[in-house]
Amino acid sequence: MSDNDTKKCSIVVFSGDMDRVMGGFIIATTAAAMGMETSMFFTFWGLQTIKKKNRLTGRGLFGRMLGVMFKDIDGIGPSKMNFGGMGRWMFKKMMKAQNVATLPELRQMAIDLGVKLMPCLMSMDVMEITPDDLIEEATEPVGGATYVLEAQQADITLFV
Amino acid sequence: MSDNDTKKCSIVVFSGDMDRVMGGFIIATTAAAMGMETSMFFTFWGLQTIKKKNRLTGRGLFGRMLGVMFKDIDGIGPSKMNFGGMGRWMFKKMMKAQNVATLPELRQMAIDLGVKLMPCLMSMDVMEITPDDLIEEATEPVGGATYVLEAQQADITLFV
Amino acid sequence: MSDNDTKKCSIVVFSGDMDRVMGGFIIATTAAAMGMETSMFFTFWGLQTIKKKNRLTGRGLFGRMLGVMFKDIDGIGPSKMNFGGMGRWMFKKMMKAQNVATLPELRQMAIDLGVKLMPCLMSMDVMEITPDDLIEEATEPVGGATYVLEAQQADITLFV
Chain A
113 MSDNDTKKCS
123 IVVFSGDMDR
133 VMGGFIIATT
143 AAAMGMETSM
153 FFTFWGLQTI
163 KKKNRLTGRG
173 LFGRMLGVMF
183 KDIDGIGPSK
193 MNFGGMGRWM
203 FKKMMKAQNV
213 ATLPELRQMA
223 IDLGVKLMPC
233 LMSMDVMEIT
243 PDDLIEEATE
253 PVGGATYVLE
263 AQQADITLFV
Chain B
113 MSDNDTKKCS
123 IVVFSGDMDR
133 VMGGFIIATT
143 AAAMGMETSM
153 FFTFWGLQTI
163 KKKNRLTGRG
173 LFGRMLGVMF
183 KDIDGIGPSK
193 MNFGGMGRWM
203 FKKMMKAQNV
213 ATLPELRQMA
223 IDLGVKLMPC
233 LMSMDVMEIT
243 PDDLIEEATE
253 PVGGATYVLE
263 AQQADITLFV
Chain C
113 MSDNDTKKCS
123 IVVFSGDMDR
133 VMGGFIIATT
143 AAAMGMETSM
153 FFTFWGLQTI
163 KKKNRLTGRG
173 LFGRMLGVMF
183 KDIDGIGPSK
193 MNFGGMGRWM
203 FKKMMKAQNV
213 ATLPELRQMA
223 IDLGVKLMPC
233 LMSMDVMEIT
243 PDDLIEEATE
253 PVGGATYVLE
263 AQQADITLFV
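Pasting the structure below:
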């Protein structure tokens, strides 16, 4: 893959909470900017952060019910104090006031810095999400073994 | 313990949410199937996943109150959209439709693959859970130092 | 920094839930007691655990709203069964009955054992928390790059 001197960082993005996901993306972009080979593995609720905008997912009854609640990177709220969307708006205001990058901006930075965005195939199957539902910058859906191979080589491994 | 060439994976299972625990077990079984020496350290809510079925825990008033809400691996619900148990049922249906292993099946796979299931002694004391309350495949309850020794040697360390 | 033989442990404390934070501090103090060079990086809700007691944070409207809900290490509740503070009280009782160290005691142990407590600068800016709001034992606020440098060298990396 790469020479042995390159440090690596591997992050599982399981959560769909705006704040936890943000923590994951900030570490990923920082690591990549510092020259680390970085990959993110999006599973369960984390898939929301690499979903296309305004796209309803799901085929069957349950999949569609899930699809209605499945947001994109701009629509997910924080883990605490969301107050029906108010928290999301408040945090965005506060971040803007401090010139902190928004989640969509962080994701774009990750892409520009070459962070590998890997969707979890099994979660996609269960949640009835197709590759077409995801942003084009994501890799092909991968199985758990691909994640484990990446993480085995990594100097930093996190589960967000 | 083992020769230096064997890669190792160490996962803390703190959460009692069906979906997070599932993420932990999928990574653990995948790692073990790929030949990694894998251990899981069950603490706080995570202990529910190695509890015997239909067994009430707790001695004192608080312990019994906790025991009433303490489920087994089949009874825990997802972190989002549980809707009073409906979500648990819906996710199980969706997983079955995709032939994805259930949590009890994943735990059995972990046992068959030799994943070490270590209960956290201190959590057990606080929550008034005895070794008899846990499945027989779990190891003796261990302290934090045993976990740290495992994790120190591990190539993948996660906190779920 | 240190010689190559010293093992290292690096923990991101993102959560503000009493139980998750406790998991983080127990691992950190255990690792430090076993001679590992240990650092904790406090970000988002985790900052509550290194905040001074009885100190209101925030300057602007949103910051002050957040400040009202922002607790200190003694005021945060568990992730499950808090029941408006009852759970916090119940867990404290149960821990005391087992002679398990409380969170403030665990933090003091961490300080005494030389665990580095690093506050995340960016979270502090967004949440309008100043260095004066934090306990004196915390280091200067640091950026993500400082965390990544620590984590790169660490044998155990966790995100709590």
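Chains as they are written, first to last, in my numbering: chain A, 113 to 272; chain B, 113 to 272; chain C, 113 to 272. Note that beta-carbon positions come from the ideal geometry of N, C-alpha and C, so glycine has one too. None of the values given here were measured: they were computed from a predicted structure.
| query | result |
| --- | --- |
| Distance CB(GLU240 (chain A))-CB(THR155 (chain A)) smaller than 9 Å | no |
| Minimum Cβ-Cβ distance from SER151 (chain C) to chain B less than 9 Å | no |
| Residue interval of the alpha helix (DSSP H) (run including LEU229 (chain A)) | Taken as a continuous stretch (DSSP letters only), LEU229 (chain A) belongs to no alpha helix (DSSP H), being part of the beta strand (DSSP E) at 228 to 231. |
| Helix, strand or coil at VAL212 (chain A) [DSSP, three-state] | coil |
| Any C-beta of chain C under 9 Å from that of LEU270 (chain A) | yes |
| Supposed close pair THR141 (chain C), MET221 (chain C) - CB separation, criterion 8 Å | 5 Å |
| Chain B within 9 Å of ARG132 (chain C), Cβ atoms only | yes |
| Extent of the continuous beta strand (DSSP E) to which VAL133 (chain A) belongs | First-last for VAL133 (chain A): 130 to 145, but that is the alpha helix (DSSP H), not the beta strand (DSSP E). |
| ILE123 (chain C) - partner residues in DSSP beta bridges | C:MET152 and C:LEU270 |
| Top-ranked residue by Cα proximity to PRO190 (chain B), from B:ALA257, B:THR258 and B:ASP129 | B:ASP129 |
| Nearest neighbour of GLU149 (chain C), chosen from C:VAL272, C:ARG171 and C:LYS119 [CA to CA] | C:LYS119 |
| CB contact check: PHE206 (chain C) to chain B, cutoff 9 Å | This sequence places Met at residue 206 (chain C); Phe is not what is there. Closer than 9 Å to some Cβ of chain B, the Cβ of MET206 (chain C) qualifies, so yes. |
| Exposure label - GLU248 (chain B); buried when at least 16 CB within 10 Å | exposed |
| Contact residues within the segment 184 to 199 of chain A, judged by C-beta distance below 8 Å to chain B | none |
| Assigned secondary structure, LEU173 (chain A) (DSSP; H/G/I helix, E/B strand, else coil) | helix |
| 7 Å CB neighbourhood of ILE162 (chain C) in its chain, flanking five on each side removed | PHE154, LEU229, PRO231, LEU246, ILE247 and ALA250 |
| Close beta carbons around GLY135 (chain B), own chain, < 8 Å, minus the five adjacent residues each side | VAL272 |
| Beta-carbon contacts of GLY236 (chain A) that lie in its chain and below 6 Å, excluding the five residues immediately before and after | Note that residue 236 (chain A) is Met in the sequence shown here, rather than Gly. So the qualifying residues of the chain are PRO253. |
| Nearest-angstrom Cα separation, counted from PRO216 (chain B) out to VAL260 (chain B) | 27 Å |
| VAL227 (chain B) to ALA209 (chain B) span [Cα, whole Å] | 27 Å |
| Min CB distance LYS119 (chain C) to chain B below 9 Å | yes |
| Cβ of THR155 (chain C) within 9 Å of any chain B Cβ | no |
| Minimum Cβ-Cβ distance from ILE254 (chain C) to chain A less than 9 Å | According to the sequence displayed, residue 254 (chain C) carries Val and not Ile. It does not; no Cβ of chain A falls within 9 Å. |
| With 16 other Cβ atoms within 10 Å as the buried cut-off, status of SER114 (chain C) | With a pLDDT of 46 at SER114 (chain C), under the threshold of 50, the modelled position of this residue cannot be trusted; read the value that follows with caution. By the 10 Å Cβ count, SER114 (chain C) comes out exposed. |
| Collapsed DSSP secondary structure at LEU261 (chain A) in the structure displayed | helix |
| ALA263 (chain C) beta carbon less than 9 Å from that of ILE268 (chain A) | yes |
| Cβ neighbour criterion (16 or more within 10 Å) applied to ALA257 (chain B) | exposed |
| Interface residues of the segment 163 to 182 of chain B facing chain C [CB-CB below 8 Å] | GLY172, PHE174, GLY175, MET177, LEU178 and MET181 |
| Of the listed residues A:VAL125, A:ASP117, A:ILE139 and A:CYS121, nearest to ALA213 (chain A) (C-alpha basis) | A:ILE139 |
| Within chain C, the residues that ASP267 (chain A) reaches when beta carbons sit closer than 7 Å | GLN264 |
| Whether MET146 (chain C) touches PHE174 (chain B) by CB criterion (9 Å) | no |
| Distance between ARG171 (chain A) and ALA266 (chain C) (C-alpha atoms, nearest Å) | 44 Å |
| Candidates B:ILE188, B:ARG200 and B:LYS204, of which the one nearest GLN160 (chain B) by Cα | B:ILE188 |
| GLY199 (chain B) burial status per 10 Å Cβ neighbour count (16 or more: buried) | buried |
| Distance, VAL180 (chain B) Cα to GLY117 (chain B) Cα | The residue you asked about is not Gly; residue 117 (chain B) is Asp in the sequence shown. Answer to the nearest angstrom: the Cα atoms are 45 Å apart. |
| is_contact[ALA222 (chain B), chain A] using C-beta, thresh 9 Å | no |
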